[in-house]
Amino acid sequence: MANTELLSLLKDVGALREGHFRLASGRHSAHYVQVAQLSQHPAKLQPLLEGARDRIAALGAVDTVFYPAIGALPVGQQLALALNARAVFAERDADNHMVLRRGFELRKGENLLLAEDVVTTGGTLKEIRPMAEAAGANVLGVFCVINRSGRDTWQDLPLISLLDLQFPTYAPDEVPPELAAIPVDRPGSKKV
């Protein structure tokens with residue numbers, strides 16, 4: 210799907226929002242992509258993920274897709290289906306730390322693909338990557354639906370996305386007056 214078609218789809222399902230948003234990174238933006246609005250239509254998301262298979266296959270054979278709960282849950286699950294891979298997620302404990310629960314484990318030597326719904330700074334990825342490395346897994350790269358980072362790598366890993374979007378973001382003390390005049394919304398699930 211072409212970028213213009215995907216942008217149109219995001220708008221049609223209400224995933225691309227405008228307003229005043231505080232992102233998980235703590236920065237502010239006039240735009241927010243709520244991939245969950247797309248994920249509620251799995252029949253629309255699945256072909257997009259299947260369309261990324263060749264780019265992902267270039268990284269190597271993926272045994273497991275590893276992703277954080279909450280936002281990446283449907284993306285990671287459907288991506289694993291598209292890749293015929295195992296799906297494992299980490300979730301926050303009572304102290305707001307990412308942990309493996311539900312009997313999940315990462316295996317030494319398995320090839321992992323980290324997955325996210327949206328990557329801006331990769332803060333949540335920074336929380337789960339050490340879990341994979343501590344288990345001795347081989348992290349091949351990162352997949353996301355929306356890449357807001359402006360890069361094609363995350364740390365030293367290849368970053369594959371369905372769509373790269375560049376919207377200005379601002380530190381809390383740099384928010385322009387016209388944006389500051391709009392009530393701030395914090396739509397994500399990560400505590401900041």
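Per my numbering, residue 210 is the first one in the sequence shown, and the count goes up by one each step.
Built from N, CA and C at the ideal position, the CB exists for glycine as well.
Return helix, strand or coil for residue i, following the three-state DSSP convention.
i	result
residue 248	helix
residue 234	coil
residue 242	strand
residue 271	coil
residue 384	coil
residue 366	strand
residue 222	coil
residue 309	coil
residue 212	helix
residue 332	helix
residue 321	strand
So the candidates are the options; which of them puts its Cα closest to the Cα of residue i?
i	options	result
residue 396	386, 238 and 295	238
residue 252	379, 313, 328 and 284	284
residue 350	272, 381 and 236	272
residue 355	222, 292 and 241	241
residue 265	322, 359 and 335	322
residue 344	298, 364 and 316	316
residue 222	245, 234, 257 and 230	245
residue 305	278, 290 and 268	278
residue 281	380, 296, 302 and 318	296
residue 331	225, 232 and 227	232
Let me check one thing: in DSSP terms, what residues is residue i bridge-paired to?
i	result
residue 327	355
residue 374	Bridge partners of residue 374: none, in fact.
residue 394	230
Beta carbon of residue i, beta carbon of residue j: below 8 Å?
i	j	result
residue 308	residue 300	yes
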